[in-house]
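If you count by the numbering used here, then the sequence shown holds residues 130 to 317, one letter each, in order. Quick reminder that beta carbons are idealized off the backbone N, C-alpha and C, glycines included.
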Amino acid sequence: MASTFKSLLAAITGARQSLGDLDRRIADLEAERERIDALHVHTDDLARWFERGLHAYDETFKARLSWALSENAVARLQGSTLETLPGFAIGAIPTHGGPRDHVGVGRIDHGHQHPDVALTLAFLAPVIRPRLRELIEELCPAAKSGTPWVKRRALLDKVDAELKTLRAERQELLAELDAVRGATEPVE
């Protein structure tokens, strides 16, 4: 009985040490994951991010324009009076009618007419796009030697896979410890 107790105690002690080792390895990998995630962003990734923003403004402008050119909106216009109406406020965000409250990028303030930034950027995008990389490299030199998204994703995937494995091992070890504790508790 004493040797069984000693071997059981040794098994529990070994499992606790293994659990401590797993916890340290998990903490180290979590720190490594944070380090990888904090690496400088690469110029190409920043350029794609800005290009997505330009695309969003373009889509917003098209949505506003398509509302003004919709069948219902055009049907309300009378051809004979169209020439006497003031020009369509293409450069202002609509304050009545049209898509309400939120269309793509920007919000509508129903009390004032504001310049339509989406319109401006939709037409300036062809001028901005070719200069993006140059501007990023000039204003953020660290981006040139930053970690590209594909490489960062691969590093994170590797760490995440290791974390998943270690966490599964930890859960198995905890289950085994619980089973041993249950087996050693006195039966009432």
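L183 - containing alpha helix (DSSP H), residue span: Taking the first residue of the sequence shown as 1, we reach residue 183 at position 54. That run of the alpha helix (DSSP H) goes T172 to A197.
Between the CA atoms of S147 and E159 - distance to the nearest angstrom: Looking up residue 159 in the sequence shown gives position 30. Looking up residue 147 in the sequence shown gives position 18. E159 and S147: Cα-Cα distance of roughly 18 Å.
Within the same chain, show all residues whose beta-carbon is closer than 8 Å to that of S132, passing over the 5 residues directly before and after it, in chain order. Taking the sequence shown and counting its residues from 1, the one referred to as residue 132 is at position 3. There are no such residues.
How is the alpha helix (DSSP H) around E263 delimited, first residue to last? Counted from its first residue, the sequence shown places residue 263 at position 134. That run of the alpha helix (DSSP H) goes L261 to L268.
Residue from I257, A290 and K280 whose Cα sits closest to the Cα of V170: The residue you call residue 170 lines up with position 41 of the sequence shown. Selected option, being the one with the closest Cα: K280.
Indicate whether the contact test is met: 3 or more Cβ pairs, each with one atom in the region 162-177 and one in the region 269-287, closer than 8 Å. yes
Determine the DSSP secondary structure at T213, reduced to helix, strand or coil. Your numbering for residue 213 matches position 84 in the sequence shown. Of the three classes helix, strand and coil, the one that applies to T213 here is coil, per DSSP.
Determine whether the beta carbon atoms of L109 and R193 lie at a separation below 9 Å. The structure shown does not extend to residue 109, since the chain is modelled only from 130 to 317, so the question has no answer here.
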